[in-house]
Structures are given as structure tokens and as C-alpha cells.
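*Asks:* Residue numbers (this note's numbering): 1 to 256.
What follows is a structure written as C-alpha cells; I'll ask about it next.
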């Protein structure tokens, strides 16, 4: 997850072609004696946020009853969606608030994902478990590719992935506007176009994990303040949730 406000809030991260192969370059180190960012600390905070997602997701799962034949989303879905979007935007512009907004985002997003997943699982039994397993498999695969240096995160790589991510976000926005007028986008269909689009989106989401991994390592190498771990964990959580949702959609399209 790239954020142009990071340099203003935390200082400049060292630019490297290979994060793990780079020599640690101190950027804006905190005062002597203050704790700095670590990979272990970031991993722990990411795990904590994901636990909050699962816990609140279990609650969200029970808030809908698709087995009764009612597969429509409840009215609170809209308000939770707005809350999730607001927290994400706030964290993007105020990364230093990630310690607070990160857990709040995980809880609100978890409720929404839980309800969303229940509806999908009622329509296609077992699809949620398959999506979870696939998400974990993709995460481990991308981590392996990053650690081994098979895929190197360069400035060009970041530019391409971020550009593709922005394009997908714009397409989502256009599709949402179309839906307000009763129109549907081919990207959401279960045909070849829809499945192909989902495969591309899953691929872009997976590549975003590489950027997240790179940001963590560069932050550690730069001696970033300990609080930066929360923002890095937030970025990883956002990407993992996005990846899970897109895999779930892709599996649904192939089953439909």
C-alpha cells in the first residue's frame, strides 16, 4: 500500500530495488533509546488485526439469515460500508492514527465481511473455506517470492501495480454508479469477461502484497518509529481482506 503522506508524517523510506538485499539506510530515526520498527512487531500487529477481523466477522455472519431465503443485505450494511471507507481514507491521510483506526477498521470490515461471506456460503456451500485456503496459499506464495528475490520490488514495479490498483478502483466506482441506474457491468458477470476480470484483480491484489512486504522491510531498514508498525499492519490487513473478497467472487463466478 503506497501512501504519499508517509514522507510528511514519518520521513522518507530508502528506495531500493530489492528490499531484503539492501543495506540498512537510516532515514528519520527516532531519538536515541526510542524503540524502532521491527518485522516481528509488524507481524504481531497484523495478526492482531486479522484476529479482530475474524472475531467481528463471526458476529457479522450471525446477523444475516440467507438460509431462510432472504439474501438481501440488511440496511446497516450501507452504514458499515461508509464507516469502513471513512476509516480507510482517514488512515491513508493520517498514518500516525493507524494504532486507533487500524483496529476500528478491522472490526467494522470484519462485520461486513462476515455477513457477505455467509450469504455466499449459503449459495455455494463450502466456498468460504475454499476462499480462505486460497488466500493463505497466495499470501505464502507471494511471501516466498519476495523473500527469495524471485520478484524484486522496484520503483517501476510499484508504479505499475499502483496504477493498476487505481484503475480497478475507478472501475469499481463506475460500476457502482451504473448500478444506481439499473445497469450492470460485464466485469461482474459470470461469463468469460467477468471471470477473466476477477483473475486479473486477484493477480493485482496479490502483487500489492509484495509492495506491503517491501514497505515493511524498508521501514525496518530506515529505523522508522515503532508506531509505523501499525500503519504497515493496516496496509497488509487491507490487502489480505481485498484478496480474500476477490478470490471469493472469482470462486462464485466459476460455480455460477
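Glycine included, C-beta positions come from ideal geometry on N, C-alpha and C.
Owing to the predicted nature of the structure, the values given are computational and were not obtained by experimental measurement.
Alpha carbon to alpha carbon, how far is residue 249 from residue 46?
*Replies:* Residue 249 and residue 46: Cα-Cα distance of roughly 24 Å.
*Asks:* Taking only the alpha-carbon atoms, compute the straight-line gap between residue 111 and residue 80 and give it to the nearest angstrom.
*Replies:* So the two alpha carbons sit approximately 8 Å from each other.
*Asks:* Answer with buried or exposed for residue 52, where buried requires no fewer than 16 other C-beta atoms within 10 angstroms of its C-beta.
*Replies:* Buried, since its Cβ has 16 or more Cβ neighbours within 10 Å.
*Asks:* Just grab the DSSP bridge partners of residue 36 for me.
*Replies:* Per DSSP, 225.
*Asks:* Which residue comes first and which comes last in the alpha helix (DSSP H) that contains residue 173?
*Replies:* 155 to 180 is the span of the alpha helix (DSSP H), which, as asked, contains residue 173.
*Asks:* Which two residues bound the contiguous alpha helix (DSSP H) that contains residue 145?
*Replies:* That run of the alpha helix (DSSP H) goes 127 to 147.
*Asks:* Can you give me the Cβ contacts of residue 241 inside the same chain, cut-off strictly under 8 Å, excluding the 5 residues immediately before and after it?
*Replies:* Within the same chain, residue 241 has close Cβ partners 53, 109, 113.
*Asks:* Which runs of the alpha helix (DSSP H) at least 4 residues long sit entirely within the stretch 66 to 124? Give them in chain order.
*Replies:* The stretch 66 to 124 contains these whole alpha helix (DSSP H) runs: 76 to 93, 98 to 123.
*Asks:* When DSSP labels each residue in this structure, what does residue 150 get in the three-state scheme?
*Replies:* Note: residue 150 maps to coil in three-state DSSP.
*Asks:* To the nearest whole angstrom, what separates the beta carbons of residue 209 and residue 239, a pair I think is in contact under 8 Å?
*Replies:* Confirmed, about 6 Å.
*Asks:* Does the distance from the C-beta atom of residue 91 to that of residue 229 stay below 8 Å?
*Replies:* No, the pair does not count as a contact, with Cβ atoms beyond the cut-off.
*Asks:* Counting Cβ pairs, one atom from each stretch, are 3 or more of them under 8 Å apart for the stretch 185 to 194 and the stretch 141 to 151?
*Replies:* No, they do not touch.
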